[in-house]
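In what follows, a single structure is set out as structure tokens and then discussed.
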Amino acid sequence: MAEVNGRPPGGLTCGQAVRQGERLLAAAGIGAARLEAEVLLAFCLCTDRTGVLQNLHRPLLPRQTAGYLHYLGRRAGGEPLQYLTGCQEFMSLPLLVTPQVLIPRGDTEVLVEAVLELARRDPRPWRVVDVGTGSGAIALSLARYLPDGSEVYATDISPAALAVARENAGRLGLTVRFLAGDLLRPLLDSPGLLGDGFDAVISNPPYIPTGLLAGLPADVRHEPRLALDGGEDGLAVYRPLIDQAAGVLKRGGLLAVEIGWDQALGVTGLLGEQGGFTGIQVRPDLAGRDRIVLAWRGEGHGE
């Protein structure tokens, strides 16, 4: 893109660039076009949105305009904003995100908040594991907000995802023990790590049915298939996760998982079939849709 409405690169002010970007992104079907135009311009100028809005009359240098147009084109083509800027906030923590990890979302904050709510009722050190950690969003939030002395573990089958999670932990100065492997196998196969068991297993597993993946929005299709594909019925990962969690949790330990809005019956049914969990609860997200399932190994808490 060499021009914007006939203007040569370098001939725009910040305000004009934002308006042009808003029009381009809106034409591409992006709902928050103005916001995203501001965020991309701020990224290109190495500032924040406030810095852009306070300098709307500032002229852009040619290289700044060229960079901005480059990123606008990529965003209009469907690349997620967070992959372009490399950042997503989660539970007030700034996280590095790359195309190797799922982009953390507000729905998953509901899952973390549910666990923290229970921890506030029982303010002792917790021993927890985040399964399929991706960027580390859940594990790092728990490391930040659980009571002092808590131990946080995290697993992922993807070495690339674990590298991102470890970098986030280092940037934030938070301690999490990251383990490579499928679901809870790294703990089940290592009695020394398993110890007396865990107080909680938390996971946002892939839960989109395979047949629906092709119809997802373009930006979501850029995210790792491994983090999205839940098999034919969307429940393929829950089956082994529930069985393995029963072998990892202490008696009375918590299993907390995110679900698709229409999967409450499927996941609670699997928990019932497994037989090792009681006190099963389904809780909604901020839009009122079923979003998380809580269950306790052997006995219910938190009713």
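When you read off a place in the sequence shown, starting at 1, and then add 49, the result is the number in the working numbering.
Glycine included, every Cβ here is placed at the ideal spot set by N, Cα and C.
Cβ contact annotation for residue 329 (same chain, cutoff 6 Å, sequence separation greater than five): 317, 320, 344, in chain order. When beta bridges are read from the DSSP output, residue 342 appears opposite 306, 331. Listed in chain order, the non-local C-beta contacts of residue 145 below 8 Å within the same chain comprise 135, 136, 184, 213, 216, 217, 220, local neighbours out to five positions each way being set aside. Annotation for residue 201: the continuous beta strand (DSSP E) segment containing it runs 200-205.
Shown here, residue 240 sits in a helix according to DSSP, grouped into three states. Looking at the DSSP output, residue 129 shares a beta bridge with no other residue. Annotation for residue 93: the continuous alpha helix (DSSP H) segment containing it runs 82-93. With the rule of 3 Cβ pairs closer than 8 Å, the segment 293-300 counts as touching the segment 248-264.
In this structure residue 275 touches residue 207 by the C-beta definition: roughly 6 Å separates them, less than 8 Å. Contact annotation: residue 326 and residue 346 have beta-carbon atoms nearer than 8 Å. When secondary structure is reduced to three states using DSSP, residue 285 falls in the coil class, being assigned neither helix nor strand. Counting of Cβ neighbours within 10 angstroms places residue 169 among the exposed residues, the total staying below 16. DSSP, read as helix, strand or coil, puts residue 252 in strand. Judged by beta-carbon spacing, residue 120 lies beyond the 8 Å limit of residue 74, meaning their Cβ atoms are not closer than that value.
For residue 255, same chain residues with a beta-carbon under 6 Å away, outside a window of 5 residues either side, are 276, 277, 278, 279, 286 in chain order. Between the segment 123-133 and the segment 99-113, the count of C-beta pairs closer than 8 Å stays below three; the two stretches do not touch. Contact check for residue 268 and residue 85: beta-carbon distance about 11 Å, past the 8 Å limit, so the pair fails to qualify. Between the segment 220-229 and the segment 147-158 there are fewer than three inter-stretch CB-CB distances shorter than 8 Å, so the stretches are not counted as touching.
Under the three-state reduction of DSSP output, residue 176 falls in the strand class.
Proximity to residue 92 across 115, 81, 133, 243 peaks at 133, based on C-alpha coordinates.
Rounded to whole angstroms, the separation of the alpha carbons of residue 193 and residue 294 is 23 Å.
Across the set 87, 322, 310, 81, the C-alpha of 310 shows the shortest separation from the C-alpha of residue 331. A direct Cα-Cα distance of roughly 42 Å separates residue 202 from residue 70. Straight across, the Cα-Cα distance linking residue 205 with residue 181 is about 4 Å. Between residue 210 and residue 149, the gap from beta carbon to beta carbon is short of 8 Å. Selection 223, 199, 79, 342 evaluated against residue 176 yields 199 as nearest (Cα-Cα).
Nearest to residue 63 by C-alpha distance, out of 80, 103, 76, 77, is 103. Under the three-state reduction of DSSP, residue 294 is assigned to helix.
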